[in-house]
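Asks:
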Amino acid sequence: MGKPPRPERDLPAYFHRLTPRFQQAYLKSDATAKFEPLPDAIAIQYAQELVAVLEKGRIADIERAAGALVAELCRVYAVRPVKVTVKGVRPHNARGELHGLFKVQRPPEIVLWMKTAQRHDVVKPRTFIRTLLHEVCHYFDYVVLKLDDSFHTMGFFKRESFLTRALMGTGGKDEPPVKSEPIDPVKQPRML
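For the sequence shown, position 101 matches number 121 in our numbering, and the numbering has no gaps at all.
(1) Quick one: using the 10 Å Cβ neighbour count with 16 as the cut-off for buried, is E155 buried or exposed?
(2) Quick check on I62 - is its C-beta less than 7 Å from some C-beta in chain D?
(3) Name the one or two DSSP bridge partners that T105 has.
(4) Run through DSSP, which three-state label would G87 get?
(5) Quick check: what's the CA-CA separation for K135 versus K103?
(6) Mapping DSSP to helix, strand and coil, what is F171?
(7) Would DSSP call F122 helix, strand or coil?
(8) Classify V5 as helix, strand or coil using the three-state DSSP reduction.
(9) Helix or strand or just coil, what does DSSP make of D204?
(10) Confirm, please, whether the CB-CB distance from V96 to D60 is below 7 Å.
(11) What are the residues that DSSP puts in a beta bridge with H112?
(12) State yes or no: is the C-beta of A85 within less than 7 Å of the C-beta of E69?
(13) Please report the distance separating the alpha-carbon of H36 from that of T105.
(14) How many angstroms separate the CA atom of T173 from the CA atom of L153?
(15) Buried or exposed for R179, please, with buried defined as at least 16 other CB atoms from any protein chain shown within 10 angstroms of its CB.
Right, here's the structure in full:
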């Protein structure tokens, strides 16, 4: 298998500080726009059930529904299910609110927050599901694409959008990807 093509646009500055192995992971991530196959009808049904449960705002029910959706996606892509934990109010600081987190540990875990930091409102269903799928994409980068690391590349955000559209349709105008602070992976500790 040959090297993934280099993108025509400028690469982030930290790319050039990565080892060749992680540069390969970055380039493969950037060149991969979707996961094959499409999520199935059962996954779409679980996404719809998650939307209905979110409106009621009970953490245990939301966690159960989110876990069922992720378990079905893992079944579709033939990988081990990952634990999903849902918490209440989003942690925040001067830089913003934390929506979700993928914990690269053994076993891995996805953590999501269901209420906004300021008003403590339950987040909008599409935002919650997109955040969940953002974290699922990090997990799938390791276990489906077999990448050495999961970077926020253009391909990563295309995969996130692909899963969101596949499970929820376009819903009119697509929301932008979940915002996250740029991370310099060279300075981040490896946990896997």
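The C-beta atom is built at its ideal place from N, Cα and C for all residues, glycine as well.
Replies: In terms of the structure at hand:
(1) buried
(2) Of the protein chains in this structure there is only one, and it is not chain D.
(3) V131
(4) G87 falls in the helix class under three-state DSSP.
(5) 20 Å
(6) coil
(7) strand
(8) This structure cannot settle anything about residue 5, because the visible part of the chain is limited to 21 through 212.
(9) Note that D204 scores 43 on pLDDT, short of 50, meaning its location in the model is unreliable; the coordinates nonetheless yield the value given after this. D204: coil per DSSP, three-state reduction.
(10) yes
(11) E117
(12) yes
(13) 35 Å
(14) If you draw a straight line from the Cα of T173 to the Cα of L153, it comes to about 15 Å.
(15) buried
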